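Just so it is clear: in the sequence shown, position 316 is 316 by full-length UniProt numbering, and no numbers are missing.
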Amino acid sequence: KQYNENSPQVVECLVVLEVLKTFLEPLNIVSDSCYVVNAVNLLEVAGVIKPSSRVANIFQQIQLVLLSRRSPVYITHVRAHSGLPGPMALGNDLADKATKVVAAALSSPVEAARNFHNNFHVTAETLRSRFSLTRKEARDIVTQCQSCCEFLPVPHVGITPRGIRPLQVWQMDVTHVSSFGKLQYLHVSIDTCSGIMFASPLTGEKASHVIQHCLEAWSAWGKPRLLKTDNGPAYTSQKFQQFCRQMDVTHLTGLPYNPQGQGIVERAHRTLKAYLIKQKRGIEEILPRAPRVSVSLALFTLNFLNIDAHGHTAAERHCSEPDRPNEMVKWKNVLDNKWYGPDPILIRSRGAVCVFPQNEDNPFWIPERLTRKIQT
């Protein structure tokens, strides 16, 4: 029989009550619960019990059954999992094993999966395959686990806008490197298409310092069309806004207190700091010890030495036309339910393609399922 109780002591009392009602002949009861054994031994001589709680109500019923019985009842205690020889210990082990088998047979797949996860802390996909659960049921078990919730990945909230050509979209931010002393304010800019990076160690993070960094970066790699920053006071100041207007650069700020909008440059901070630490034990040992020298060496490595999966450096991607898929597709506009094209593909991404219609001024992204490849 299955009971919906939260306390094992309450369940054991209900089991004793059920046994006393079912078996009216002389009866021996052996239990590994001191709580139940002591309670039953005292109930026959105890006073009137008031049903003030759930367990008190059960004790009252056990007391009435004991007082109305005509055949004797004996109940005793045995230590569980002691490993001692003897028929009582052996019988208790058999009862424990039978309980586990019955519980496994009566439990739902969700409960069985939760118990399995509590033991091994497997992934949701494993639970889904092993216990035939839905994806939501398996994920709920993992997310509700107190041990696993600390290690769950951060939910994916979107994609940071990237440029489809060099000098289209740049991100800029400032980080701090305390070992640089007075030049600890490290201003970093990165091209979201090519990945080219520029950094300036300066003495502050005011609007004048930001403008100085922009001029240094743009004189080296070119002026971007769109510059994205956070909502720092230097970036939102009138002085910097006027500078962007004079330089014909569109300035865009992200949501306040949302660093995910600056994910590319935030990742660049981490990469640049890692190289500043790693290169202390490399060629930098023979170079002058100055913040600008350290930053220049790290930028040289990141921009001119590191290559991507296609064998190109960031400088090569920035200064030459990027590799484009030589494909033409017809695409469907969901607004008017009509097919257009064929038009060239600029960039392929997971589940989407960037198409440049020949009669439009700007390219736009289309779900890949709404495109049809044209043989050329």
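In this text, a Cβ means the ideal position worked out from N, Cα and C, and glycines have one as well. Keep in mind it's a predicted model, so treat the numbers as computed, not measured.
Compare the beta carbon distance of GLY341 and PRO367 with 8 angstroms and say whether it is the shorter of the two. If you check the CB distance, GLY341 and PRO367 do not come in under 8 angstroms.
Using only CA atoms, which one of SER33, ILE58, VAL55 and GLN63 lies nearest to GLY47? For the set SER33, ILE58, VAL55 and GLN63, the Cα lying nearest the Cα of GLY47 is the one of GLN63.
Check the C-beta distance from THR229 over to ASP173 and give it rounded, since I have them as a contact under 8 angstroms. The Cβ separation is near 7 angstroms, so the contact holds.
Report the three-state DSSP secondary structure of ASP32 (helix, strand or coil). Three-state result, ASP32: coil.
Could you please give the first and the last residue of the uninterrupted beta strand (DSSP E) stretch that includes ILE366? Note, ILE366: beta strand (DSSP E), 364 to 367.
Distance between CYS145 and CYS319 (C-alpha atoms, nearest Å): The alpha-carbon atoms of CYS319 and CYS145 are separated by roughly 50 angstroms.
For the pair the region 327 to 334 and the region 286 to 305, tell me if three or more CB-CB distances fall below 8 angstroms. Look at the beta carbons and you see the region 327 to 334 not touching the region 286 to 305: under three pairs across the two are nearer than 8 angstroms.
Return helix, strand or coil for GLN171, following the three-state DSSP convention. If DSSP states are grouped into helix, strand and coil, GLN171 belongs with the strands.
State the Cα-Cα distance for the pair LEU67 and LEU42, rounded to the nearest angstrom. Spanning the two alpha carbons is a distance of roughly 12 angstroms.
Please check the pair PHE240 and ALA207, which I expect to be a contact at CB under 8 angstroms, by giving their CB distance rounded to whole angstroms. Correct: roughly 5 angstroms between the Cβ atoms.
Give every residue of the same chain whose Cβ lies closer than 6 angstroms to the Cβ of SER237, excluding the five residues on either side of it in the sequence, and list them in chain order. Excluding residues within five positions, the ones whose Cβ falls inside 6 angstroms are ALA207.
Close beta carbons around ILE159, own chain, < 6 angstroms, minus the five adjacent residues each side: The predicted model places ILE159 with a pLDDT of 49, which falls under 50 and marks its position as unreliable, so this point remains unresolved.
Rounded separation between GLN60 and VAL15 - CA only: Approximately 14 angstroms between the Cα atoms of the pair.
Can you check which of these residues, ILE196, VAL353 and TRP218, is closest to ASN306 by C-alpha distance? Minimum Cα-Cα distance from ASN306 among the listed residues ILE196, VAL353 and TRP218 corresponds to ILE196.
Please give the ranges of any beta strand (DSSP E) in the region 219 to 277, keeping only runs that are unbroken, at least 3 residues long and fully inside the region. Entirely contained in the region 219 to 277, the beta strand (DSSP E) runs reaching 3 residues are, in chain order, 226 to 229 and 250 to 253.
Quick check: what's the CA-CA separation for GLY181 versus ALA268? Rounded to the nearest angstrom, the two C-alpha atoms are 21 angstroms apart.
Length-filtered (3 minimum) beta strand (DSSP E) runs lying within the region 305 to 342: For the region 305 to 342, whole beta strand (DSSP E) runs of length 3 or above, ordered along the chain, are 328 to 333.
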